[in-house]
Amino acid sequence: MREIIYIQAGSFANYAGTHFWNTQESYFTYEDDDEPIVNHDLSFEEGRSPQNQPTLCPRLLAFDQKSNFGTLAKTSQADTATDASLDTWQGRVVRETQDPIPQSEYHARLEGEMEDEGDLELTDPKIRYWSDYSRVFLDRKSIQTIPDILEGTEAGWSVGQDLFRRYNEDTELMEGAFRLLVENCDNFQGLQMMHDTSTFGGFSHAFLTSFRDEFLKASSLNFSFLSGADPNHAGIDNFLDTKRIINDALCLHSLHQLSDITFPILNSSRWSTLENNLSQGLAYDKNSLYHTSAVISSLVETATLPLRLKGSREDIAMIANHLNWRKCSRLGQLGGVVSLPFSATEATFTDLYCNFSTGLSNKDDHLVFARQNVTRGLLGQDLAAFDAWCDLSSLQEPLISSIHAPAYPVPTSFPSILRHTKPTSLRMTSSLVTAPSTSIPLTGYAKFVEQTARTRRSDGVLMSMGLESDDVKELASSLWEIVDGYGNDKMD
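Read in UniProt numbering, the sequence shown has 385 at position 385, and its numbers run on one by one without any break.
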């Protein structure tokens, strides 16, 4: 067994993670003669339901502000520790209680209190929290409620690190919940992590640093959700954008050091170059976390499916080594086609492919270092068209690999963002790529950080983040070193 522990940190990460786990739940089979396509033991362990009944629960730590957990907040391990400490307190205790959060409409329907689940159509106003549409039970140790210190703000780099250290001291996170997850594994292989840079960048850096201190040989695969600030179109005088961009740059630099392979993901506010391609099959609200996280989650789940497929020998280290064979390409790209039309051609894949890490057009970007493709539900002529599209690249095996799997299941919790009647499954493709074009967005960050280090107008931003000018100069230098590793001269 090569178990994976999953980390979700931040609101978007948990929205995407909820979709991810709902997809895992859809792979469960309940007939003896039905064989699941995935090995559930890699991602699930025995835990307890809210009714304290034994059930399969994700091998997961979900971090978010307490106010974002919805009905799950009352079952957090942090709150349990607080209640236990009150039991030994001899003084006067004044308890202030809030009205309980009502059950979500989706869960009410699942429990049969409303119309048949098959008729379920969710709209955004009915989704208040990411827990509103969860189809799996989370064990108490998975629910990590962070104090609402970040509410209405975005944590500075040093604030996020300090927050992790305090939280770790107060809850014994690494020696408690995390160690228990590791001890429940027969052969722990590493982390699959998703996090929001704007609110949990420094926090995630401190978590990964603590993880690496003890688990140096374990692998780490990361999907990093960037802020909406664009370094190519932001001014130094914009306090919030400058803070976000520096924070994103710090995260990318940190992940390049601490994670085996990382895939930065553009904020949906920066999907404008992808909208024409996406609109061919999807009708989504780019301002809805529920919608946009479903798009990203389908790509993440599909791209990482080989880690969980029955009979597959893939593990995180193999994927990282395959994509980073040059040893200087730890930042990759995630892309794909979420909803393929029937009778696809080579041009279909060229025209509809979306790169969610760079936002660049696919038509002229066939120069790649390595690529791992996963297709869902493609057969016959569609597969032949996909192979012809792959042949446009000069890559040969083993630098390019493709795995063909059954169609992507669409549970009732998936938003109604498809242009046609909501199907029970999707034909789609997803790819993990390393390529010289990664240097293009990295160059934007390096230039902006370098400019910030040169002007005194940014001193207020740096002070708010716990940084000094020398820190930013060092960051700019490190980013240029990462850019050089991608051979950016080839992109001129």
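Note that the Cβ used here is the ideal one computed from N, Cα and C, for glycine as well.
- With a threshold of 16 other beta carbon atoms within 10 Å, K422 falls short and is exposed.
- Between the segment 264-277 and the segment 209-229, the count of C-beta pairs closer than 8 Å reaches three or more; the two stretches touch.
- Here M428 is near T302, since their CB atoms are less than 8 Å apart.
- With a 10 Å radius around the Cβ and a threshold of 16 neighbouring Cβ atoms, D132 comes out buried.
- Under the criterion of beta carbons closer than 8 Å, S219 and D170 do not qualify as touching, at roughly 29 Å.
- With a contact defined as Cβ atoms closer than 8 Å, F178 and F203 miss out at about 14 Å.
- In the structure shown, Y290 adopts helical secondary structure according to DSSP, grouped into three states.
- Secondary structure within the segment 358-410: the alpha helix (DSSP H) runs of 4 or more consecutive residues, fully enclosed, are 380-390 (chain order).
- Between the segment 238-249 and the segment 180-198, the count of C-beta pairs closer than 8 Å reaches three or more; the two stretches touch.
- Taking a C-beta distance under 8 Å as the contact criterion, V295 and V337 do not qualify as a contact pair.
- Taking a C-beta distance under 8 Å as the contact criterion, P409 and T23 qualify as a contact pair.
- Take T304, set aside five residues on each side of it, and the residues of its chain with a beta-carbon closer than 7 Å to its own are Q192, in chain order.
- Taking the Cα positions, F207 is about 29 Å away from W271.
- Excluding its 5 nearest sequence neighbours in each direction, T424 has C-beta neighbours in its own chain below 8 Å: P409, V410, listed in chain order.
- For Q24, the enclosing alpha helix (DSSP H) starts and ends at 11-26.
- Secondary structure within the segment 157-239: the alpha helix (DSSP H) runs of 4 or more consecutive residues, fully enclosed, are 157-171, 179-183, 197-214 (chain order).
- E474: not part of any beta strand (DSSP E); member of the alpha helix (DSSP H) spanning 469-484, first to last residue.
- L395 is not a Cβ neighbour of V374, given a cutoff of 8 Å.
- Beta bridge pairing from DSSP links A62 with Q8, I143.
- Rounded to the nearest whole angstrom, the C-alpha separation of G47 and V136 is 11 Å.
- Q333 is bridged by DSSP to V433.
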